[in-house]
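Student: Sharing a structure below in structure tokens format, with a few things to ask.
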Amino acid sequence: MSVKRKELPVVGWRELVHLPELGLHAVPAKIDTGARTSSLHGTVLEEFERDGERYVRFAVDFAQQHVRQVCEAVHVDVRGITSSNGETQRRYVIKTPLKIGGVEFRAEISLADRRDMRFPMLIGRSSLRRRFVVDSGYSWLQTPEMKVTKGHKP
1 MSVKRKELPV VGWRELVHLP ELGLHAVPAK IDTGARTSSL HGTVLEEFER
51 DGERYVRFAV DFAQQHVRQV CEAVHVDVRG ITSSNGETQR RYVIKTPLKI
101 GGVEFRAEIS LADRRDMRFP MLIGRSSLRR RFVVDSGYSW LQTPEMKVTK
151 GHKP
């Protein structure tokens, strides 16, 4: 018996994504089905409360452009997240709208020090699940402003 599946948009191994409530647009992101949680390069500046809700203020640095964007988001949790090197780190987790191509949804994103990484953002499988399929042989499939690229060369 075969199950009828909904046709899902296809993402490449890298895409430009948007976090509209944070004022972040065209953020280079690596699509990583090996990671459960999405993560964003952010330095936590402070935790505070507004209207009975916990918030976190953090800075996102784009070193190549010499730009620092200060953002605020509802602080959902502090969790132990295991990084790619197997080390567990305590990270702030926020929930905010994330837009990839024409699909916008609320995503949980951990704030991590990604300054040594090639991409300031990583999109994990919980953000991809039931929304996208991944074709790792291509880049920019959901990024109209970029030319679709075949292969894995960064």
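If you use UniProt numbering, the sequence shown closes out at 154, no skipped numbers anywhere. Yeah, the Cβ is synthetic: ideal placement off N, Cα and C, and Gly gets one too. These numbers come from a predicted model, not from an experiment.
Can you tell me the Cα-Cα spacing of Glu-108 and Arg-114, whole angstroms?
Tutor: 17 Å
Student: Considering Ser-38, what are the terminal residues of the beta strand (DSSP E) in which it resides?
Tutor: 38-41
Student: Helix, strand or coil: how does DSSP classify Thr-16 here?
Tutor: For the record, residue 16 in the displayed sequence is Leu; it is not Thr. Of the three classes helix, strand and coil, the one that applies to Leu-16 here is strand, per DSSP.
Student: Below 8 Å, can you find three or more Cβ-Cβ pairs linking the stretch 2-22 to the stretch 78-87?
Tutor: no
Student: So, using beta-carbon positions, are Arg-68 and Val-56 closer together than 9 Å?
Tutor: no
Student: How long is the line joining the alpha carbons of Lys-147 and Asp-135, rounded to whole angstroms?
Tutor: Cα-Cα distance, rounded: 16 Å.
Student: Reducing DSSP to helix, strand and coil, say where Ala-35 ends up.
Tutor: coil
Student: To test your reading of the DSSP string, which unbroken alpha helix (DSSP H) runs of 4 or more residues are found completely within the UniProt domain "Retropepsin-like aspartic endopeptidase" (10-143)?
Tutor: 125-128
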